[in-house]
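The sequence shown: position 68 = 67 (numbering that gives the first Met the number 0), numbered continuously. A virtual CB, placed ideally from N, CA and C, is assigned to each residue, including glycine. Here is the structure we will look at, set down as structure tokens.
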Amino acid sequence: MSSARKVVVIGTGYVGLVSGVCFSDMGHQVTCIDTNQEKIDGLKEGKMPIFERGLEDLVSKSVNVGRLEFDIDMRDHINKADAVVIAVGTPIKEDGSANLDFVYRVVDEIIQNLSKDITIIIKSTIPPGTCDFIQKKFDESISQYKSSVVSNPEFLREGEAIEDFMNPDRVVIGCDSDKKEEMKNFYQDHISRNISVIFTNRITAELIKYSSNSFLAMKIAFINEIASISEKIGADMDGVRLGIGSDSRIGKKFLNPGPGFGGSCFPKDIEALVELSDKINADSKVIRSVNNSNKDRIQEIANNILAMTEPKDNICFLGMTYKANTDDVRTSPSIDIIRILLVNNRTNIKCYDPMGIESARKILSDKVTYHNNIYDAAEDASLVVIATEWDEFKDIQPEKLSNLMKSKSIYDLRRIVNMKQFIEADFKTKVIGLQDA
Ligand code: UDX
């Protein structure tokens, strides 16, 4: 029997939609479900609800070969499926724990409408122990059918999600041992390419996800603290990164200092892991310190900007998204830094971002001004801040800025600009990790 399976994916965010289209590209028959009618209508017309490199082409390819469809109601599809993938959001709650309402709502709807054996694959990021709880819920609710709950966490970076799905360092599957052979069918393409598929139990797979994100965030918070030290003692930050990253136990990736980590995952997953450790009375001092260090970083950068400017100055802020190649501003350090500036009497902030302007406007509304390009935002500015590593910021021309700015200062929070040119153009320069001239 071919390894092709019928899969229903619930949730068409960057995890659900990317997982669905990649499963269909690997040969499975996929139906993506979302209760948001506008999103589904758009997808049926080929309009993507999110920006992901390569997504539009892959969706149209899979739709054209008849292996991908979209609907708003799971009820017509789950009883024809081999598996249902749950990929709905688990936003953070006030107390730092993960809000599982959307996950449980989907679980209840499956239970109410199921009339066959099925595999429930959970990609949503949920606290360790939740999959076992959901397995118990299925066992107690529908004893006449066999429902197998599987934890299959995603490790997708926004903007690179298709690449990360199709060419991961590893696939993690937490399931009962009698489901292992069946689960190999969903990842036959990866197995055929010798990509590691790690089988374990559900709670371990859930903990792998939280541990992975918390470790990566800790690594970023760590290199940001080292950048702060480097600035003060005049060390060479690139030398430090090469010197430690060359140790295979540390590795070269995620050692780029910046304004702090943001996004919809790192901050929330760390909070959830801390909340869990408090609940089970486990020690989590290191994990707890990561978000605190990140907040200190954002405050330190805002303080530097305050020291470089006067209340009357225009500040040009380049980059509103939490990283390049996305339109996402969730927990973006840029937004947090601007908020601190605004309450400290820096109210003339001119913003530009290649993709994140509309998302930023929803949060900052008319507290700042928005511009269509670098140079409009830089006009009459006393300081240019480079907050996100968009390619177009790497080639900023000092001469063009010189003619536009009221006074010539630049603060590079991502170490992406050729500062030598700016120094030669008589700019006052500040770079993360580099001692002030
Ligand atoms: C992250 C994880 O990488 C991914 O595996 C998980 O599934 C979801 O969360 P994402 O949030 O999309 O992905 O972005 P990522 O590229 O990891 O960057 C996260 C934050 O760290 C961004 O704010 C980014 O600017 C920052 N970062 C990343 C650094 O400051 N320095 C680095 O070297 C890398």
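Item, Value
"Presumed contact (8 Å Cβ cut-off) between Y103 and E51, rounded CB distance", "At roughly 27 Å, the Cβ-Cβ gap does not stay under 8 Å, so Y103 and E51 are not in contact."
"DSSP three-state assignment for S59, whether helix, strand or coil", "helix"
"Nearest to V149 (by Cα), restricted to the options S140, P127, Q143", "P127"
"Rounded straight-line distance, which links the Cα of S408 to that of K38", "43 Å"
"Outcome for R240 when other beta-carbon atoms lying within 10 angstroms are tallied against a minimum of 16", "buried"
"Simplified DSSP assignment, three categories, for N293", "helix"
"Touching by the beta-carbon criterion (3+ pairs, under 8 Å), the stretch 147–163 and the stretch 173–193", "yes"
"Where the alpha helix (DSSP H) through L155 begins and ends", "Counting along the chain, L155 falls outside any alpha helix (DSSP H), and DSSP gives it neither H nor E."
"Runs of alpha helix (DSSP H) lying entirely within the stretch 14–92, each at least 4 residues, in chain order", "15–24, 36–43, 54–63"
"Heavy atoms of the ligand UDX versus C-beta positions, residues under 6 Å", "E153, F154, L155, R156, E157, N212, L215, I219, F253, L254, N255, G257, F260, G261, G262, C264, F265, Y321, K322"
"Where V64 falls, given that 16 or more other Cβ within 10 Å makes a residue buried", "exposed"
"Separation of P256 from S195, as counted between CA atoms", "30 Å"
"Alpha-carbon spacing of D394 relative to S146, whole angstroms", "55 Å"
"Three-state secondary structure assigned by DSSP to N402", "helix"
"I117 vs V171 beta-carbon contact at 8 Å", "no"
"Exposed unless 16 or more other CB atoms sit within 10 angstroms - verdict on A86", "buried"
"Cα-Cα separation, E205 to E299", "34 Å"
"Complete runs of the alpha helix (DSSP H) confined to the stretch 215–295 [at least 4 residues]", "236–244, 265–278"
"Bounding residues of the beta strand (DSSP E) (the contiguous stretch that carries C315)", "313–317"
"Separation of S176 from N200, as counted between CA atoms", "8 Å"
"For I297 and I336, the rounded distance between their alpha carbons", "6 Å"
"Pair within 8 Å by beta-carbon distance, D385 and V416", "In the sequence on display, residue 385 carries Ile and not Asp. Against a cut-off of 8 Å, the Cβ pair of V416 and I385 comes out as a contact."
"Best match in I362, E181, N344, I109 for proximity to M73 [C-alpha to C-alpha]", "I109"
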